[in-house]
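Here the structure comes first, spelled out in structure tokens, and everything after it is commentary.
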Amino acid sequence: MNSPTTLVKTIAPKEGTEIMARIIECVPNFSEGRRPEVIEAIVEPFRRRRGCALLDYRADADHNRLVVSLAGAPEPIQEALLEAAKTAVEHIDLNRHQGGHPRMGAVDVIPFVPLRNITMEECVALAREFGKRYHEETGVPVYFYEEAALRPERKRLEVVRKGQYEGLKESITQPERHPDVGEPKLHPTAGATAVGARKILVAFNVNLGTSDVNVAKEIAKAVRSSSGGLCHVKGIGLALEDRGLVQVSMNVVDYEKNALYRVTELIRMEAKRWGVPVVETEVYGMVPAAALLESAAYYLQIADFSPDQVIELKMLEMLGGDAE
Numbered sequence: 001m002n003s004p005t006t007l008v009k010t011i012a013p014k015e016g017t018e019i020m021a022r023i024i025e026c027v028p029n030f031s032e033g034r035r036p037e038v039i040e041a042i043v044e045p046f047r048r049r050r051g052c053a054l055l056d057y058r059a060d061a062d063h064n065r066l067v068v069s070l071a072g073a074p075e076p077i078q079e080a081l082l083e084a085a086k087t088a089v090e091h092i093d094l095n096r097h098q099g100g101h102p103r104m105g106a107v108d109v110i111p112f113v114p115l116r117n118i119t120m121e122e123c124v125a126l127a128r129e130f131g132k133r134y135h136e137e138t139g140v141p142v143y144f145y146e147e148a149a150l151r152p153e154r155k156r157l158e159v160v161r162k163g164q165y166e167g168l169k170e171s172i173t174q175p176e177r178h179p180d181v182g183e184p185k186l187h188p189t190a191g192a193t194a195v196g197a198r199k200i201l202v203a204f205n206v207n208l209g210t211s212d213v214n215v216a217k218e219i220a221k222a223v224r225s226s227s228g229g230l231c232h233v234k235g236i237g238l239a240l241e242d243r244g245l246v247q248v249s250m251n252v253v254d255y256e257k258n259a260l261y262r263v264t265e266l267i268r269m270e271a272k273r274w275g276v277p278v279v280e281t282e283v284y285g286m287v288p289a290a291a292l293l294e295s296a297a298y299y300l301q302i303a304d305f306s307p308d309q310v311i312e313l314k315m316l317e318m319l320g321g322d323a324e
């Protein structure tokens with residue numbers, strides 16, 4: 001269920017979109033979730049570009065953030081990204097930006113994810129080449145993260161984004177905080193961008209029935225791996241002010257290692273300590289079917305369940321086999 005402050009659009013690939021030999025996913029995040037006209041202008045290049053399928057886009061006013069899910073061949077996705085990024089740089093001023101989600105750039109993150117007939121190593125090369133071109137065409141400095149990181153400490157996005165836009169204005173001049181591409185100074189309004197390569201992750205949120213954001217922050221601390229919680233889980237506590245709720249906002253970076261039901265049940269257990277109910281959960285953007293089916297089987301207590309029992313998935317597998 002989506003909050004009243006959340007704009008949701010789910011788009012099927014354009015008719016006639018051809019099946020590419022190499023397919024990647026890309027999930028760019030933009031620091032805009034409140035102005036529909038800017039959101040639509042950013043998204044428009046993804047609609048028009050042949051070979052780039054716009055799967056989904058979601059703008060949240062509390063987070064003040066736009067998350068776009070794309071799939072297709074690397075070349076058209078890059079071209080559409082550059083066009084969308086230029087629109088974001090033109091219209092988003094981080095000196096005036098306020099929102100619940102951490103950010104350091106108008107175009108905050110651009111991850112490339114291998115899906116079909118392309119390796120992680122190729123996505124790393126793609127991210128690094130794109131980062132250089134992106135800087136040349138926008139003037140925005142670039143940090144490489146996750147598998148594309150040039151320094152081991154920069155694999156973690158939260159390390160790259162430490163201090164956010166305001167803190168990075170000063171710390172970027174320190175040698176250990178210099179960008180990987182560009183001069184050690186932020187774009188005056190668009191900040192900096194993190195470009196990376198990574199596995200599929202699930203953006204998963206749990207909304208709690210309280211207005212006390214400290215409860216969400218304490219629970220996020222108990223859940224995330226960096227504080228001794230669940231491995232492969234990143235999380236922060238945020239206020240959903242328009243709804244009078246708080247949120248544990250997470251990235252489950254390896255759902256095969258920690259299932260969504262396990263994350264949910266730990267949060268439910270921690271919330272009970274505070275006398276707070278779990279109101280709802282959210283999957284933000286696209287999600288692998290396996291991530292949902294595992295939790296469905298857990299809650300329904302289905303014995304010996306297999307994804308092969310899902311007729312739509314079996315049909316897709318058969319069709320995919322014929323297309324090889």
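297 is the number that full-length UniProt numbering gives to position 297 of the sequence shown; each next residue is one higher, with no gaps. Think of the CB as a built atom: it goes at the ideal place given N, C-alpha and C, for glycine as much as any other residue.
Which one or two residues does DSSP pair with R116 in a beta bridge?
I23
Flag this pair as yes or no: are the beta carbons of A194 and V159 separated by less than 8 angstroms?
Here A194 is not near V159, since their CB atoms are 8 angstroms or more apart.
I want to know whether the segment 60 to 67 touches the segment 117 to 125 - three or more CB-CB distances under 8 angstroms.
No contact exists between the segment 60 to 67 and the segment 117 to 125.
State yes or no: is the C-beta of V27 within less than 8 angstroms of the C-beta of S69?
yes
What do you get for D254, buried or exposed, if any count of 16 or more other CB atoms within 10 angstroms of its CB means buried?
exposed
Pick helix, strand or coil for T173, following the three-state DSSP scheme.
coil
Candidates T119, T189 and V278: which alpha carbon is nearest T205's?
Looking at the sequence provided, one finds Asn at residue 205 rather than Thr. Closest option to N205, Cα to Cα, is V278.
Beta-carbon separation of L240 and V252 under 8 angstroms?
no
For L208, which beta-bridge partners are listed by DSSP?
Note: L208 sits in a beta bridge opposite V246 and V278.
Using DSSP's beta-bridge definition, name the partner residues of P111.
Looking at the DSSP assignment, P111 forms a beta bridge with G196.
How would you call N29, buried or exposed, if buried means at least 16 neighbouring beta carbons within 10 angstroms?
buried
Is E146 helix, strand or coil when you go by DSSP?
Three-state DSSP puts E146 in a strand.
For the candidate residues K217, Y143, R198 and E136, whose alpha-carbon lies nearest to that of M120?
The shortest Cα separation from M120 among K217, Y143, R198 and E136 belongs to R198.
On a Cα-Cα basis, can you pick out the residue from G228, S227 and T189 that is closest to N95?
The residue from G228, S227 and T189 with its alpha-carbon nearest to that of N95 is T189.
For M250, count the other beta carbons within 10 Å of its own beta carbon; 16 or more makes it buried, fewer makes it exposed. Which is it?
Counting of Cβ neighbours within 10 angstroms places M250 among the buried residues, the total reaching 16 or more.
With a 10 Å radius around its C-beta and 16 neighbouring C-beta atoms as the bar for buried, classify Y299 as buried or exposed.
exposed
Could you check whether I267 and I219 sit closer than 8 angstroms to each other, using their CB atoms as the reference points?
yes
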